[in-house]
Structure formats: C-alpha cells, structure tokens
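Asks:
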Ligand code: DGJ
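Residue numbers (mature numbering (1 follows the signal peptide of the UniProt record, and there is no 0)): -18 to -1, 1 to 713.
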C-alpha cells in the first residue's frame, strides 16, 4: 500500500517537473530572476539592477550557468544557485531546508510545479512559486512580495506535508540568495547594553560567517538583525552595488554567509534553527518570517532611503502618521516618586512644549510594591501608598495640564517577589530539577501558554479599559532567556524559541486589533529589540539606554542605516556633561524626547530648549518623512553631518555634530544632497542658545540648490562636542 502511494506521487510529480519557466520579480530598479530548469530544479539566475528588456534575462541562462553546471547532461541545472537548496541529495553547501520524513529518510528534493503573480495594489505584487518533492508528499511555496516604488523585496517560505505522522524540520530558512563577485564586504551591527549597533565591515573569506542570536527574547542585545553585503568593494555611501537585508523575526535569528570553492556567495536568512528542531504536523503550514531586502547600485545611502520609505508606507505601525514628543521621568526619579512629583512633571512637560508625559517603571505592585527592580513585576495595579488615586487620576491631571499621559509596562516578565508568581508559579520559564535563573531579579513568563497570552493581553487591555485616555505605552523587556523550559510545551521543548515568539505576536495582534492606532514604544533594556516584525505593532523603539550625545551620534548613525528617523527614540538626559544644545540637537536627529529634571535647567537653557522643541515640531514632518542623506560619517571623520529633504524638495534640515576633533580642525565644505539644483534656498541657522552668536556666517543668505550641492558650505563648528542645525527653505 505504502509503495503504491509513493508510486502514485512519483508519477504525479514527475509529470509536473518537466516544465521550464522564467520567473521575474521586479521593482522600479531591481530584478530577481528565477528559472526552472528542464529537470525541475529552480535556481536564481539574477539579482541586481533591472535590465532594459527581457532579452537580457533570456540570455542569463547561458551566461550564469557556465562555471556552475554539474555535468549531468542538462545545461540548465545550476545546483550552486538553487533558489531554495535542500539537504540530503546533491547539495554540498548550506541548505535552506532540512527534514527527516516518517520513514527516517533524511533527504528532500524540490522540483518546480507552478508559479503565479498577483497584483496586490498599484505598488505591490506577490509572486508564489510552488515546489514539491517528487517522492514524498512535501510542498514548499516560496513567496516574493515586491514593493515597486520602494525597491524592496520581502521573501518568505511556507512548508507543508501530507505524511502520516509529523516530519522533523531541522532547517527552515526564509530565503537563500546567491552572488557572484570578486569580493564580498559584510557590514554587521553588533554591540551590547549601552553600546548598540556598532558598524563593522570586513571582507568575507572562504567558509561560513554567521551572524545570529540565541538569546530567545531581547534577542538583539548583542546583534541587530540587519546587514549590508557589498559586492566587489567596501560599501560606500553613494556608489556601488550592495544588498541591505533584515529579518522580520523577534526570536532567535540567523544569517549565514557561505563563500564557496568557486568564490560564489550564498546568504541564508531566517529563524535560527539552533536548538529548535520543529515537529511539523501533517497538513499544518510552517510559515517562515520575512526576509526584507533591497538591492542598491548607489551604495548605502540609497539602500537606507529605500528601507525608510518602505517602513513609512508598510513596515512600521502608523509609519505615515505623526509621533508624540515627550517628557519621561525615569532618569529624574527612577523608582522614587509620588503623585506630587509626577503632577509637577506634567507642568514641566507643558513648560517644555512636549505632547506627552511618560510614566516609567515603579508605579505598580501592592503586596510587593515596585520600589526597586527586585519586586512587583507582574502585579499591574497602581501602588496605593505611592499613587493613592490611581492611574486614572494621574491621567486626568495630565490632561488638565494640557499634556497626554503614557505609561511603562514590562508584561512578559515577573519578579519571584510578586503576587503573580505566588499564584502562577507554573507560568514562568524555568528548568525542572535546576534552580531558577534570575537576571535583573526577574523571570520570563511562558508566552507559549495561551493563559499567559491572555494575561499579557489583559495587562494592556485593563489599563486601557479603566483609563481609556492613556495615550502611549512603553513596552520593556529586560532579560534574555536562560535555563528556559516551558511546562506548557511538555515534550516539545525544541519549539520553545519559536512558540514564545509566535505567542508574543498573538498578544500583539489582539492589542493592535482592539487599539489600532495606540502609539507604543518598543524597548528592551535599551535597544535589545529592533526588528521589523515587532515594529508592525509598535510606532517606535528605544535605541539605547546610552544617551550620552557623543556615543549617541554613533548609535543613531547605526540605526539610521535600516530604520527611519521617526522610529528611533532619542531622549535628552543627564548622561554626559555636554551642553543642553548639543544634547538636544543630537536627539532631534530622530524622535525627540526628554528625560531630565527641567527645574535644574538655567533660564537660558530652558529658553533654548523651548525654542528647540518648537523648531522640532515645525520641522518634524521633514525629519520623520523626508529623505535622509548622510554626508559625513562619524566613523570616518571627527564629525557627523546629515540632512533630511522633503518630497517636494522645498524644505530641508541639516545637522552637523562636531565630536572630538584635534586642535583647530579645518573641516572642508560639505556638499548638500537631495535638493533641486534649480531652486533657490535660504539657509537659516536655528537652535541657537539665547545671546549666543551663530556659527554659520552664511546664515540668512540664499543659494541655488546647484551651488549647495556642488560647492557646498562649511557647516561644522570646530568646538569639541558642538552642533549646528540649519533650516533650508525654498524661496
Ligand atoms: C530599561 C529601559 O531601557 C529604561 O529606559 C527604563 O525604562 C528601565 N528599563 C526601567 O526599568
């Protein structure tokens, strides 16, 4: 019977594998070409700048397979560039998928069956390519969504089977891309708490380089899930071919860059399969997260602009809407506050001119009040001794003062010293027969468990139901998984990393459905969570607890490569002893906020800050939604210069940050970018301390875009840790 069944499948699938096909996935400037060979093998024939006509794509098959063909008599079988290479048959390199079948057979072969392309809207197209194993009832569908105007491709994979019992998946990449170049330069973004997204570029050498996370939760603490891969030379800001890639997955991720014996590179991206064999039930679809990428033939700058505009239109919750400026109390009070202190700060928010007051950690817990980080986490009721009139009262007082009210939560975590833990000790991730493992005195709740998912959803829902005016949430996550074991998952512990992440998405889906436009900041003990899957539910993210403006220039520079300004929260705080001007000017490069005691500001400083907030509000549309041009990198000089230009090129804002120059630096003129050469622009230096002189002599003068972009201006101050902000207006 079993043999008959297999035979039927063999006949069925052998029939479909005879087709050849050419599949074109295109954006405005990029093309990804897949081809199905005569024997059904699907391979990547091209990824790069879009060609003028199909003539070029038709010619590709000959050109691209020359040196790679395995000599089986079929000139189109390009095993090295398979679109989704499997394990167990002829593939000698990294595989995208590896599985064991019911009969113990550890191999998979995929042959092309069909494809179809559908227009989703005027800008978005989705192509699906179906493949099957000719022998086993396993089906893999490759999905490609292309965003025409933004030049972004989003790629993911679905795996399903109809064997009698579950199959085991050992690898399940979202994508595999292939490149042929003389050299490959990888830029990675790594760090630690307070040192996020350090950019480091290195040339790939033979073998495999892996960038991954195994942290389970707060997964980006050491590695941000983004990379540039530059072809033939180091990545430049305005020239050269490169790919910018990121994975929309908030759990463990993995990018593997394998350079083979013929100097071909393959990049696999997806969930990190580390300690995560997945037992897939018959008929159940395993959907990988999306790998999101852009190909740029104009260097990193264009790649970033592509990603920014995609994020605005598709990638980030309410990306096209405005954001709230705010005053946060964390660094002013830490856990030590009461109603009086907070209501005073509402007034401070109003004085500053920001939109919202954000109440941070320390407002909850009664049996075990949250007076420090050792207790109370999980008990989301306001501490009566501290806040006798509850959150509703605070919210109303804030509203009376004319500012909105936002609140901090960390709903995935629990302190053992909490009522939640006493009631539900089985809701935490912890190993049997071993001691509990704490980090910041807390444990991770088991989001695989639907009851825990309900609890986390209710944390937000209860706050919103009793205080419907809460206008903002900061969602924190201050530890990684260690000694992790889910009581709920029983004997399927290798599903933990995946199911935790899916559980989190289920909760966030419910929140987004019920409160679709609630602004929410994603935070993870600094920038430990920065991925485009979570940003689908969050309007912005906390980039780092390090707010020293000198360090911050590098951190913001790093994030700006992949994330738009409106999503990167920058607060002016007491970290660093630089001037309030330098701190504020640096924070204005992204989404501006404050976390200072404004009563400690001198009169002039307060006046400066109020003016800067007003300037920011006037210019925020350009900063948030304009095109970003990075002109001088802090990695290359002792200063950083960048600008934002609005779509109609009528308004721009330029920021110049002088860092630690040697004595009397002779900074060259900086050529502006992104302006209209034919337009005339007035240059105005703004954000000046009261009674201080302007730095830029040309402030108040007018120039053509042509002049500014070809001759440029000297825009940088020579003083250590100083800044210049220019408003550029078409006249
Ligand atoms: C870590 C965050 O990064 C901080 O901004 C602050 O919210 C603390 N957690 C509160 O515990």
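Quick reminder that beta carbons are idealized off the backbone N, C-alpha and C, glycines included.
Check this for me: beta carbons of residue 272 and residue 230, under 8 Å apart or not?
Replies: Yes; because the gap between Cβ atoms is below 8 Å, this pair is in contact.
Asks: At a cut of 8 Å, does the stretch 680 to 692 reach the stretch 649 to 663 through at least three beta carbon pairs?
Replies: A contact exists between the stretch 680 to 692 and the stretch 649 to 663.
Asks: With a threshold of 16 other CB atoms inside 10 Å of the CB of residue 98, please say whether the residue is buried or exposed.
Replies: Exposed, because fewer than 16 other Cβ atoms sit within 10 Å of the Cβ of residue 98.
Asks: Cβ of residue 507 within 7 Å of any heavy atom in the ligand DGJ?
Replies: Result yes, Cβ under 7 Å from the ligand DGJ.
Asks: Nearer than 7 Å: is that true of the beta carbon of residue 527 relative to any heavy atom of the ligand DGJ?
Replies: Under cutoff, so the answer is yes.
Asks: With residue 224 as the anchor, note down where its beta strand (DSSP E) starts and where it stops.
Replies: Looking at the DSSP string, the run of the beta strand (DSSP E) that includes residue 224 is 224 to 230.
Asks: Which of the three DSSP states is assigned to residue 171 in this structure?
Replies: Of the three classes helix, strand and coil, the one that applies to residue 171 here is strand, per DSSP.
Asks: Could you give the DSSP three-state label for residue 553: helix, strand or coil?
Replies: Here residue 553 sits in strand by DSSP.
Asks: Is the stretch 417 to 424 close to the stretch 369 to 388, with three or more CB pairs under 8 Å?
Replies: No, because fewer than three Cβ pairs between the stretch 417 to 424 and the stretch 369 to 388 fall closer than 8 Å, the two stretches do not touch.
Asks: Under the assumption that residue 371 contacts residue 361 (Cβ atoms under 8 Å), give the Cβ distance between them as a whole number of angstroms.
Replies: With 8 Å as the limit, residue 371 and residue 361 do not qualify as a contact, their Cβ atoms being about 18 Å apart.
Asks: With contact counted as at least three CB pairs below 8 Å, one residue from each stretch, are the stretch 203 to 216 and the stretch 173 to 180 in contact?
Replies: Enough Cβ pairs lie closer than 8 Å, so yes.
Asks: By alpha-carbon positions, which one of 515, 558, 652 and 290 ends up nearest to residue 542?
Replies: Checking every option, the nearest Cα to that of residue 542 belongs to 290.
Asks: Which residues in the same chain have their Cβ closer than 7 Å to the Cβ of residue 241, if we skip the five residues on either side of it in sequence?
Replies: Cβ neighbours of residue 241 beyond the five flanking positions: 166, 186, 187, 188, 189 and 247.
Asks: Let me confirm a value: residue 713 is counted as buried when at least 16 other C-beta atoms fall within 10 Å, else exposed. Which label applies?
Replies: Residue 713 should be labelled exposed.
Asks: Let me know if residue 715 comes out buried or exposed under the rule of 16 or more other beta-carbons within 10 Å of its beta-carbon.
Replies: Only positions -18 to 713 of the chain appear in the structure, and residue 715 is not among them; the question remains open.
Asks: At the level of alpha carbons, what is the spacing between residue 128 and residue 274?
Replies: One C-alpha to the other measures close to 10 Å.
Asks: I want to check one thing, is the minimum distance from the CB of residue 343 to the heavy atoms of the ligand DGJ below 7 Å?
Replies: Checking every heavy atom of the ligand DGJ against the Cβ of residue 343, one is found closer than 7 Å.
Asks: How many Å lie between residue 17 and residue 126 at the Cα?
Replies: Taking the straight line from one Cα to the other gives about 14 Å.
Asks: In angstroms, rounded to a whole number, what distance separates the CA positions of residue 665 and residue 653?
Replies: Each residue's Cα considered, the two are about 14 Å apart.
Asks: Touching or not, the stretch 487 to 501 and the stretch 524 to 539, by the rule of three or more beta carbon pairs under 8 Å?
Replies: With a cut-off of 8 Å, the stretch 524 to 539 and the stretch 487 to 501 do not count as touching, because too few Cβ pairs lie within range.
Asks: Buried or exposed: where does residue 513 fall if 16 or more other Cβ atoms within 10 Å of its Cβ makes it buried?
Replies: Buried, since its Cβ has 16 or more Cβ neighbours within 10 Å.
Asks: Thinking residue 651 and residue 696 are a contact (beta carbons under 8 Å), I'd like their distance in whole angstroms, please.
Replies: Yes, they are in contact, since the Cβ atoms of residue 651 and residue 696 sit about 5 Å apart, within 8 Å.
Asks: Taking all protein chains shown into account, decide if residue 738 is buried (16 or more other Cβ within 10 angstroms of its Cβ) or exposed.
Replies: Given a span of -18 to 713 for the chain in the structure shown, any question on residue 738 remains unanswerable.
Asks: Using the Cα positions of residue 759 and residue 104, report the straight-line distance between them to the nearest angstrom.
Replies: Coverage of the chain is limited to positions -18 through 713, which leaves residue 759 absent and any answer about it impossible.
Asks: If distances are taken between C-alpha atoms only, which option among 698, 606 and 223 comes closest to residue 646?
Replies: Selected option, being the one with the closest Cα: 698.
Asks: Pop quiz: residue 305 and residue 539 are said to be a contact at Cβ under 8 Å. What is the actual Cβ separation, rounded to whole angstroms?
Replies: Incorrect: roughly 20 Å between the Cβ atoms, too far for contact.
Asks: Excluding the 5 residues preceding and the 5 following residue 672 in the sequence, name in chain order all residues of the same chain whose CB lies nearer than 7 Å to its CB.
Replies: Only 586, 589 and 590 meet the Cβ criterion.
Asks: What is the DSSP secondary structure of residue -11, reduced to helix, strand or coil?
Replies: For residue -11, the predicted model reports a pLDDT of 46, less than 50, meaning its position is unreliable; a value from the coordinates is still stated below. Residue -11 falls in the helix class under three-state DSSP.
Asks: Taking only runs that begin and end inside the stretch 118 to 194, name each unbroken beta strand (DSSP E) of 3 or more residues, in chain order.
Replies: Runs of the beta strand (DSSP E) inside the stretch 118 to 194: 120 to 129, 134 to 143, 149 to 154, 157 to 162, 166 to 172, 180 to 185 and 189 to 194.
Asks: Considering just the uninterrupted stretch of the alpha helix (DSSP H) at residue 434, what are its terminal residues?
Replies: First-last of the alpha helix (DSSP H) with residue 434: 432 to 448.
Asks: Could you pull the start and end residues of the alpha helix (DSSP H) that residue 770 belongs to?
Replies: It is not possible to answer for residue 770, since the shown part of the chain is limited to -18 through 713.
Asks: Starting from residue 597, trace the alpha helix (DSSP H) in both directions and tell me its first and last residue.
Replies: Element bounds for residue 597: 585 to 607.
Asks: By how many angstroms is the C-alpha of residue 397 removed from the C-alpha of residue 580?
Replies: Computed Cα separation, rounded: 32 Å.
Asks: Using only alpha-carbon positions, find the residue among 625, 277 and 465 that is nearest to residue 416.
Replies: For residue 416, the nearest C-alpha among the options comes from 465.
Asks: I need the straight-line Cα distance from residue 324 to residue 351, nearest angstrom please.
Replies: Cα to Cα, residue 324 sits roughly 17 Å from residue 351.
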